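Report on one structure; see the data block that follows.
There are 2 protein chains.
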Amino acid sequence: MSAGERPRAAVVVTGSELLTGAIADRNGPWLSQELVGLGFEVAHVLTVGDRPDDLASALRFAADARCALVVTSGGLGPTADDLTAEVVAAFAGLEMELDEDMRARIDARLAAWAARTGFGGEALDQATRKQAMVPRGAVALPPAGTAPGLVVPREGGPLVVVLPGPPRELQAVWPSALASAPVRELLTGVPPAHPRSLRYFGLPESEIAATLREIGARRDLSGIEVTTCLRRSELEVDLRPGPHALAAADELHAELAARHARQLVSEDGTTTDELVARGLLARGWTVATGESCTGGMLASRLVDRAGSSAYVSGGVVAYSNEAKTALLGVPAEMIAEHGAVSPEVARALADGARERFGADVGIGITGVAGPDGGTEAKPVGYVCFCLTTAEGLVLARDPQLAGGRSDIRERSTDIAMNLLLRAVRGRA
Amino acid sequence: MSAGERPRAAVVVTGSELLTGAIADRNGPWLSQELVGLGFEVAHVLTVGDRPDDLASALRFAADARCALVVTSGGLGPTADDLTAEVVAAFAGLEMELDEDMRARIDARLAAWAARTGFGGEALDQATRKQAMVPRGAVALPPAGTAPGLVVPREGGPLVVVLPGPPRELQAVWPSALASAPVRELLTGVPPAHPRSLRYFGLPESEIAATLREIGARRDLSGIEVTTCLRRSELEVDLRPGPHALAAADELHAELAARHARQLVSEDGTTTDELVARGLLARGWTVATGESCTGGMLASRLVDRAGSSAYVSGGVVAYSNEAKTALLGVPAEMIAEHGAVSPEVARALADGARERFGADVGIGITGVAGPDGGTEAKPVGYVCFCLTTAEGLVLARDPQLAGGRSDIRERSTDIAMNLLLRAVRGRA
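Taken in order, these protein sequences are the chains called R and C. Per UniProt numbering, the very first residue in the first sequence carries number 1; after that it's consecutive. Per UniProt numbering, the very first residue in the second sequence carries number 1; after that it's consecutive.
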């Protein structure tokens, strides 16, 4: 299934440090999402080092791939190996010239910093001058840091948008790139994306694939690009219709939502975390956690959202048996009889957290995250969950989870969030 | 500064779902790290969709970039849009043929699954047959899932290693790719990497840049590729010498370690987390946490390591004032007098956690993570830390941190880990 019919765009990320595996690039995914949202088909994301020949090849590659738009990130700094503007100018056949207005702007921005650090003089002037060089006929975008972004037209295409590498600066400059005349003109020829997203919990990818095959035998899905993406325990299904398949996408969306209703988290792509937060606020509930193997990961995820103090009371990381007893009142005899990893202890952790923090909802998690500590009866990956409320609701699970230590801990956090979602939705 | 003189390698990642920004690719960074470790210069990482033309262009692009080796990930599944093997065969000018041995192997692997799910018959046979098709003259690698990896030689280069997309399968198949005859032969011509890494905490990137400029004025650094990479609060400096610059890299390494000794975490790239774990084990110390704004993130990070139960007692996420008092004994009057975010409360959280869990070391964190809750005296980003030990050591900090809510929480966790490192090293 292909989106077809959509203008193509490419992302070129520069940075030798991204080719050593030391850090993962954040700009490629971010820009892809933006471009898809604007209605482009993203042809590729290409990461190259700070080598002018490789960058020039990357630009030609995008032109050969029939891209109408190329967005680059990085290589706009003041040092000699920051060469993106020059390479893009050469690609577009444009001369570089000093933009006096931009120079004044960068000067003003650097004045305070230069005064504070004592850095300045010839080296600073040179750096400023370098960053204020703009290809003739390009649009210079106001810098978020010191490096201006650029929109560089090229005879016969593609249009090149040049953005700084630091993600915060790139994201800050992006709106002014979109507002520039050449990009606005290009966008008039791009059909809106009209994407649809569904999110499921606990639905295997093979099942959605089977459903899609079965529907595809009855319906024409050729104009809809369908991607399924498993994010740990959640499966996201994205439908991106071509401009002539909007109605077909609506029908497919409705059918997919109905077919796996039990596992459906949301039919508009809203995340579990967002739905849990809304649900807790709507019910006026507070939550407390009693975590063993997840070690605070659930509490941290709940606190991740701004405003979470309205519904998170707190939590205890009760990693040792003594802590389970001393801080959450789990009876030592219960641990001795059933083991620290048991449905009984999960429930006692939930009740203990709820009571100690005076919360409406308590969640207990205890499991064998490995790599050691597994037994035949309770192997690595066996995790017990319990959610209890003051009103008497009890949701319990004790699945056997696959993967390594961090997989098990992350999936456990996912399951706990899903239990919370079920609780706020009033479903068992 | 360039590594020069090293054979080049490229990574081609396939998967339309990676071009929507929905998920970040993990294979590109992982393979880059492996290839750099083997002594290659990574020319580029190119992500393309599941479109045969785009994949074919990507392979030609790598050949044009003078790459001796291309590693692909993805597109080896049983469905019709999984076309990597065929496209690579065409690129190398090789026919596809059925590998009967591989078919039997995949059959055996699927037998149990087919019996359990009832899936089978014609569709399964077709899928198995498709996955057992191998370019003539290629080496088929034993599959980790059901898809075999491939090592495909091409007249005039590059050698293409074809790996499955799921990161766990890719990483499982990689060693057998390295052990294959064509890869082993290629590697005989690759000079070993001999990389050197230094890790600093709290050293601005501009300072290391100034140091490098200053050293570069005295020494010849032209044979050493130096990349600096800021990971939140830690700065990693990687030196990758060309084959003729090993001694120069040793000298540069020694000078960089000496010049910023106070901020040095490690001179062999060992992480803070690893050093903290080793230090706690060596001293026989246990740790307990009392977290407010980080909400369990520090405890979770400590528990992340296998075997952490030997030195993590547990922690309390005391998000509300009541919880600080009830669970960690922070006097309500102290909160009223100094505020919940204050050095005094940070210390009381540390002492409370240490005492309640019977631990040797306690760490308290309380701060304004934002976006709301800031005041003129205590703006968003103001965070108080305290580490106390039973022996009377007290390390306190109250920096003003930059960034958004998640930046502030992550940086706070970094600072707490650095305090732990200082404590186990016996430095204030």
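Glycine residues also receive a C-beta, built at the ideal position from the N, C-alpha and C atoms. Quantities reported herein were computed from a predicted structural model and do not represent experimental measurements.
Buried or exposed for residue i, please, with buried defined as at least 16 other CB atoms from any protein chain shown within 10 angstroms of its CB.
i: C:ALA179; result: exposed
i: C:PRO371; result: exposed
i: R:GLN126; result: exposed
i: R:GLU169; result: buried
i: C:ARG60; result: exposed
i: C:LEU393; result: exposed
i: R:THR14; result: buried
i: R:ALA144; result: buried
i: R:HIS253; result: buried
i: R:GLU214; result: exposed
i: C:ARG356; result: buried
i: C:SER16; result: buried
i: R:GLN131; result: buried
i: R:ALA282; result: exposed
i: R:GLY165; result: buried
i: R:ASP64; result: exposed
i: R:ARG231; result: exposed
i: R:ALA346; result: buried
i: C:ALA3; result: Because C:ALA3 carries a pLDDT of 45, less than 50, the predicted location of this residue cannot be relied on, and the following value inherits that uncertainty. C:ALA3 comes out buried.
Is the separation between the beta-carbon of residue i and that of residue j shorter than 7 Å?
i: C:ILE106; j: C:THR128; result: yes
i: C:ASP360; j: C:THR286; result: yes
i: R:THR294; j: R:GLY315; result: no
i: R:MET102; j: R:PRO148; result: yes
i: C:LEU239; j: C:ALA249; result: yes
i: C:PRO167; j: C:ALA68; result: no
i: C:THR228; j: C:GLU207; result: no
i: C:VAL161; j: C:VAL88; result: no
i: C:VAL11; j: C:LEU31; result: yes
i: R:PRO153; j: R:PRO135; result: no
i: C:MET297; j: C:ARG409; result: yes
i: C:VAL317; j: R:ALA310; result: no
i: C:ALA245; j: C:GLY223; result: yes
i: C:LEU198; j: C:VAL226; result: no
i: C:VAL276; j: C:MET417; result: yes
i: R:GLY352; j: R:GLY329; result: yes
i: C:LEU159; j: C:LEU141; result: no
i: R:ASP81; j: R:ASP53; result: no
To the nearest angstrom, how far is it from the Cα of residue i to the Cα of residue j?
i: R:LEU421; j: R:GLY279; result: 8 Å
i: C:CYS386; j: C:GLY216; result: 40 Å
i: R:ALA369; j: R:SER406; result: 8 Å
i: C:TYR319; j: R:GLY202; result: 31 Å
i: R:GLN263; j: C:GLU251; result: 59 Å
i: C:LEU221; j: R:ALA402; result: 48 Å
i: R:ARG425; j: R:GLY77; result: 50 Å
i: C:GLU41; j: C:ALA9; result: 6 Å
i: R:VAL341; j: C:ALA62; result: 52 Å
i: C:ALA258; j: C:ARG427; result: 17 Å
i: C:ASP398; j: R:LEU38; result: 43 Å
i: R:LEU349; j: C:MET334; result: 30 Å
Quick check on DSSP: helix, strand or coil for residue i?
i: R:PRO371; result: coil
i: C:PRO204; result: coil
i: R:ILE365; result: strand
i: R:GLY352; result: helix
i: C:ALA340; result: coil
i: C:PHE357; result: helix
i: C:GLY279; result: helix
i: C:SER300; result: helix
i: R:LEU401; result: coil
i: R:SER308; result: helix
i: C:ARG347; result: helix
i: R:GLY295; result: coil
i: C:PHE385; result: strand
i: C:THR271; result: coil
Could you work out which residues of chain B lie near residue i, taking near to mean beta carbons separated by less than 9 Å?
i: R:HIS44; result: Given the protein chain composition of this structure (R and C), no chain B is represented.
Which runs of the beta strand (DSSP E) at least 3 residues long sit entirely within the segment 213-255 of chain C? Give them in chain order. 224-231 and 234-241
Beta strand (DSSP E) runs wholly inside the segment 50-78 of chain R, at least 3 long, in chain order: 67-73
Report task. Note down, one range per segment and in chain order, each alpha helix (DSSP H) of at least 4 residues found wholly within the segment 128-203 of chain R. Result -> 167-179 and 181-187
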